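Okay, so here's the structure we're looking at.
2 protein chains.
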Amino acid sequence: MTTVGSQPRRGLADKRRAILRGALAVFAREGYTRASIDLIAREAGVSTRTIYNHFRDKAALFETVIQESAQRVAEEQIGEMERHLGQVAEGPEALGAALLAFGRAHAQPTAREHFALVRQIQAEVLHIPSEALEAWQETGPRRVQQALTGHVARFMAEGRLREADPHRTARHLVLLAAGEVTSRSFHGALPLPREELDAIVATGVDAFLRAYAP
Amino acid sequence: MTTVGSQPRRGLADKRRAILRGALAVFAREGYTRASIDLIAREAGVSTRTIYNHFRDKAALFETVIQESAQRVAEEQIGEMERHLGQVAEGPEALGAALLAFGRAHAQPTAREHFALVRQIQAEVLHIPSEALEAWQETGPRRVQQALTGHVARFMAEGRLREADPHRTARHLVLLAAGEVTSRSFHGALPLPREELDAIVATGVDAFLRAYAP
DNA sequence: GTCACTTTGCCATGCACGTTGTACTTTACG
DNA sequence: CGTAAAGTACAACGTGCATGGCAAAGTGAC
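Quick mapping for you: the protein sequence lines, in order, are chains A and B. For the first sequence, the working numbering gives the first residue as 3, with consecutive numbering after it. For the second sequence, the working numbering gives the first residue as 3, with consecutive numbering after it.
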């Protein structure tokens with residue numbers, strides 16, 4: 003419908019992006035129910051009618067938003083992970099430093115909006131169609147978890163971490179490094195002093211290494 | 003207003019409890035915005051007008067519900083904690099067993115409704131007046147955390163755990179024992195096979211002990 | 001049983017929202 | 001420039017919801 007020949011029209015397809023950007027902001031801030039189409043339209047700088055030209059209804063818009071946001075953030079996180087854990091110099095100190103850097107990056111979410119949205123999703127679990135929820139988990143959290151599991155498994159194979167179930171080990175790393183931030187500051191919604199955040203990550207990584215050093 | 007002399011009328015005060023029970027159920031299931039007064043009234047078996055006789059408005063009702071639910075669950079959790087960690091026999095195996103029992107109790111929340119409500123609170127953070135949020139944290143999560151910190155500090159003083167910041171140590175225990183359940187099953191909203199739950203708790207406690215054994 | 005206080009049912013008001021139709025304007029491409 | 005597609009403004013409809021008023025019925029304390 004939005005295509006001419008086989009390519010979507012260029013300048014007009016920007017609207018779709020604008021809508022998704024605005025919808026992300028509003029859904030994240032207000033939650034699904036409180037978010038109104040009018041508000042999203044205003045935030046995106048489009049008319050409400052245009053939203054309905056691009057998406058069947060509010061639910062479909064929401065599902066698209068969470069899917070695309072999960073995709074984008076997962077890629078960022080996996081990239082960050084690759085940067086910090088991809089190549090680690092010899093020696094246990096280097097591993098510790100790398101995990102610290104990773105932990106800090108993971109705990110201080112650059113994508114504040116996305117994580118506000120995650121909170122909304124968690125609250126809406128029972129109201130989101132299970133296929134949509136499943137798809138979201140697959141492209142988002144599970145994919146990130148998989149990637150981290152890969153790094154952990156490599157560290158084990160190289161003898162830098164003791165042998166253990168790499169899945170659970172990866173989870174423990176994330177929990178120890180970032181879990182306290184999640185629970186203390188509500189996924190980063192409320193501010194947490196930088197120094198405290200650093201201390202949290204440092205003790206978390208320390209505990210992880212004590213538990214999983216070879 | 004609801005008092006005669008200085009005591010609230012007996013049988014009529016039951017209404018208040020009924021309202022709070024119904025409101026907890028509906029708020030937990032539907033979230034603040036979706037929850038309607040009509041629905042709460044039906045769930046509680048009272049008329050909507052009665053709700054407004056007891057509570058100023060929907061927001062006041064919500065604040066009362068989260069406060070009372072936090073109070074009740076905190077007391078239960080602290081009791082459970084006392085039961086499992088209050089008196090632990092000599093030897094490291096006994097400590098491990100006690101932590102395991104504690105972890106299982108903590109990860110398999112008996113108060114499913116309460117934790118659904120917690121998810122709603124986390125999503126609504128920005129819409130809850132900060133005094134109400136503060137009060138909730140104080141009577142709920144922080145108090146439980148304090149209690150666990152006490153047990154951990156005692157274990158350290160007795161030389162059963164290595165010396166470390168007891169606050170953070172307590173947090174690490176909770177994260178390792180129950181954090182994966184939280185993230186995997188959305189605070190227990192989605193089912194998680196019992197055997198998997200046991201494995202999660204077991205490996206979590208194992209990692210904790212490796213990190214914090216003396 | 002009386003009385004003060006609650007509860008209830010019902011109605012009413014006003015607002016906000018999702019969604020659609022329509023007629024007009026803008027825009028990108030040939 | 002012309003045209004088809006896409007966007008916009010606006011009105012409209014139906015619904016659901018928070019909240020209040022009122023009179024009638026219920027109920028516990030004396």
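For each residue, glycine too, the CB sits at the ideal point set by N, CA and C. As the structure is a computational prediction, the values presented were derived from the model and not from experiment.
Where residue i sits in the DSSP three-state scheme
i	result
residue 215 (chain B)	coil
residue 162 (chain A)	coil
residue 132 (chain B)	helix
residue 192 (chain A)	coil
residue 168 (chain B)	helix
residue 9 (chain B)	With a pLDDT of 37 at residue 9 (chain B), under the threshold of 50, the predicted position of this residue should be treated as unreliable, and no value is reported.
residue 16 (chain A)	helix
residue 204 (chain B)	helix
residue 151 (chain B)	helix
residue 35 (chain A)	coil
residue 113 (chain B)	coil
residue 24 (chain A)	helix
residue 142 (chain B)	coil
residue 105 (chain B)	helix
residue 98 (chain B)	helix
residue 47 (chain B)	coil
Residue i and residue j closer than 8 Å at C-beta
i	j	result
residue 141 (chain B)	residue 30 (chain B)	no
residue 22 (chain B)	residue 115 (chain B)	no
residue 127 (chain B)	residue 64 (chain A)	no
residue 105 (chain A)	residue 203 (chain A)	yes
residue 199 (chain B)	residue 172 (chain B)	no
residue 121 (chain A)	residue 79 (chain B)	no
residue 170 (chain B)	residue 216 (chain B)	no
residue 56 (chain B)	residue 19 (chain B)	no
residue 107 (chain B)	residue 133 (chain B)	no
residue 76 (chain B)	residue 183 (chain B)	no
residue 212 (chain A)	residue 155 (chain B)	no
residue 153 (chain A)	residue 210 (chain A)	no
residue 190 (chain A)	residue 94 (chain A)	no
residue 97 (chain A)	residue 162 (chain A)	yes
Unbroken alpha helix (DSSP H) run spanning residue i, endpoints
i	result
residue 52 (chain A)	50-56
residue 90 (chain B)	Where residue 90 (chain B) is concerned, there is no enclosing alpha helix (DSSP H), given that its DSSP letter is neither H nor E.
residue 187 (chain B)	182-187
residue 59 (chain B)	Where residue 59 (chain B) is concerned, there is no enclosing alpha helix (DSSP H), given that its DSSP letter is neither H nor E.
Under 7 Å by beta carbon: chain A residues contacting residue i
i	result
residue 203 (chain B)	Within chain A, no residue comes near residue 203 (chain B); the closest Cβ sits about 11 Å away, beyond 7 Å.
Interface partners of residue i on chain B, CB under 7 Å
i	result
residue 209 (chain A)	174, 213
residue 181 (chain A)	177, 181
residue 188 (chain A)	124, 127
residue 121 (chain A)	124, 125
residue 36 (chain A)	35
Per-residue contacts from residue i into chain B (C-beta, under 8 Å)
i	result
residue 31 (chain A)	128
residue 192 (chain A)	127
Proximal residues of chain A, C-beta to C-beta of residue i below 9 Å
i	result
residue 170 (chain B)	182, 201, 202, 205, 206, 209
Chain A residues whose Cβ lies nearer than 8 Å to that of residue i
i	result
residue 167 (chain B)	205
Given 8 Å, three or more beta-carbon pairs between the segment 173-180 of chain A and the segment 97-114 of chain A: yes
Meets three-Cβ-pair contact criterion under 8 Å: the segment 72-88 of chain B and the segment 29-48 of chain B: no
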